[in-house]
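Undergrad:
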Amino acid sequence: MLAGRLDVKSRKFTVEDVPTPKPGPGEVLVKVQAAGVCLSDVHLIEGSLTPLYLPGGVVTLGHEVAGVVAEPGPGVTAWQPGQRVLLQAGEERGGQVWTRGVDYDGGWAEYALATESTLVAIPDDLSFEQASIIPDAVSTPWAAITTTAQTPPAVPVGVWGVGGLGAHAVQLLRLIGAAPIIAFDPLAPARERAVEFGADLALDPGDPDLRMQVGTATGGAGLARAFDFAGVPPVREQAAKFLGKDGRLTLVGLTDKPLTISDGTRFSYLGQQILGHYGSTDEHVRQLVDLVRLHRIDFARSISDVLPLAQAEQAVERLQKKEGNPIRLILRP
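Structure follows, in structure tokens:
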């Protein structure tokens, strides 16, 4: 079968033929129908992200995966060939969370192996393209909003970075009733997209009148919740400055750079918090599938383009260059 493989030591990525895996006890072989291209995949290829638990030096990328059951392994009775499924983006092994497509082979391939407990059934009217991005691209901001930040309705929120995760954050914040929703992005097309997805206001973080604009939008109270989806130190410093009393800044974008609070006294006096966030749980993914099933939310606008698996390198390059300002590019084997 064809698979997109990364040599972690050399950071060389190739699409090549590899043997089709066979499911062992408790495993299911899934015929992949769609796999998302995430910025984390780009970071892996560039070298700024390194697997923690990968037993070998080469891995098939792809942690956003949907398809149909091809072959249940020995002892698997809950899944039958032909069932439509998405795969959780990771699983717990020995007390550690292993990420699909990072610590073990993922879904940039014609077939993917999955532990049976990591499969989630999807409704017939949910496309494989939309289903594939629910783990991570949608579930990560959903978990950040609902669990880490514990965002209540009718409070002012700020979203920094309206890319693959931030665009969904705007949509999901609208769903839970946060208001006003203020998006921050230096790119005009991203700001336009933020408004289309439900932001009440979209601002350029470099605007000299930014403080006045945020103050006006929040009635002088500042932000109750702020979310960094960019993973850039200046963004975090700026977001922290706009927090109001008891405000919380949740760090979703990843960076290895230090975090600086310019006025620690004010930060402490106002009882503000900075919270780290990574990924989501199985429950967050299942909640989102239920919301889609009940027609509360739709992710059709998130699919920027669909490319054949053989063009995975071009997809990565397009995401690196933000060509066409994509939310999610999808690979189809």
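In terms of the working numbering, the sequence shown opens at residue 135 and continues consecutively. Note that CB positions come from ideal geometry on N, CA and C, so glycine has one too.
#1: Are the CB atoms of residue 388 and residue 370 nearer to each other than 9 angstroms?
#2: Over the uninterrupted alpha helix (DSSP H) stretch that includes residue 274, give me the two end residues.
#3: Should residue 161 be labelled buried (16 or more other beta-carbon atoms within 10 Å of its own) or exposed?
#4: Would you check if there are 3 or more beta carbon pairs closer than 8 angstroms linking the segment 289-306 to the segment 355-362?
#5: Just tell me which of 214, 186, 196, 159 has its CA closest to the CA of residue 449.
#6: Using a Cβ-Cβ cutoff of less than 8 angstroms, which residues in the same chain neighbour residue 430 once the five nearest sequence positions on both sides are dropped?
#7: Measuring straight from C-alpha to C-alpha, what distance separates residue 414 and residue 274?
#8: For residue 245, which residues does DSSP report across the bridge?
#9: Please classify residue 239 as buried or exposed, where buried requires at least 16 neighbouring CB atoms within 10 angstroms.
#10: Starting from residue 174, follow the alpha helix (DSSP H) in both directions and report where the run begins and ends.
#11: Between residue 184 and residue 232, what straight-line distance do the alpha-carbon atoms span, to the nearest angstrom?
#12: Does the distance from the CB of residue 201 to the CB of residue 465 come in under 9 angstroms?
#13: Whose CA, out of 341, 173, 158, lies closest to the CA of residue 461?
#14: With a threshold of 8 angstroms on Cβ separation, who are the neighbours of residue 244 within its own chain once the five nearest residues in sequence on each side are excluded?
#15: Could you tell me whether the Cβ atoms of residue 365 and residue 385 are closer together than 9 angstroms?
#16: Would you call the CB atoms of residue 349 and residue 320 closer than 9 angstroms?
#17: Work out the CA separation of residue 368 and residue 393 for me, nearest whole Å.
#18: Taking the Cβ atom as the reference point for each residue, do residue 463 and residue 441 lie within a distance shorter than 9 angstroms?
#19: Roughly how many angstroms separate the alpha carbons of residue 426 and residue 451, rounded to a whole number?
#20: Looking at C-alpha atoms only, which residue of 206, 204, 144, 312 is the closest neighbour of residue 182?
#21: Might you give, ordered along the chain, the residues of its own chain that have their beta carbon closer than 7 angstroms to the beta carbon of residue 303, omitting 5 neighbours on each side?
#22: Quick one: using the 10 Å Cβ neighbour count with 16 as the cut-off for buried, is residue 198 buried or exposed?
#23: Of the residues 376, 186, 456, 322, which one's Cα is nearest the Cα of residue 290?
#24: For residue 385, write down the residues that DSSP places opposite it in a beta bridge.
#25: From residue 249 to residue 158, what distance separates their C-alpha atoms?
#26: Using the Cα positions of residue 334 and residue 322, report the straight-line distance between them to the nearest angstrom.
#27: How many Å lie between residue 379 and residue 406 at the Cα?
#28: Roughly how many whole angstroms lie between the Cα atoms of residue 453 and residue 437?
#29: With DSSP as the reference, label residue 318 as helix, strand or coil.
TA: Reading off the structure:
#1: no
#2: 273-277
#3: buried
#4: yes
#5: 196
#6: 309
#7: 5 angstroms
#8: 165
#9: buried
#10: 173-180
#11: 12 angstroms
#12: no
#13: 173
#14: 135, 136, 137, 154, 165, 166, 443, 467
#15: yes
#16: no
#17: 9 angstroms
#18: yes
#19: 31 angstroms
#20: 144
#21: 275, 279, 293, 361, 363
#22: buried
#23: 376
#24: 362, 410
#25: 9 angstroms
#26: 15 angstroms
#27: 7 angstroms
#28: 13 angstroms
#29: strand
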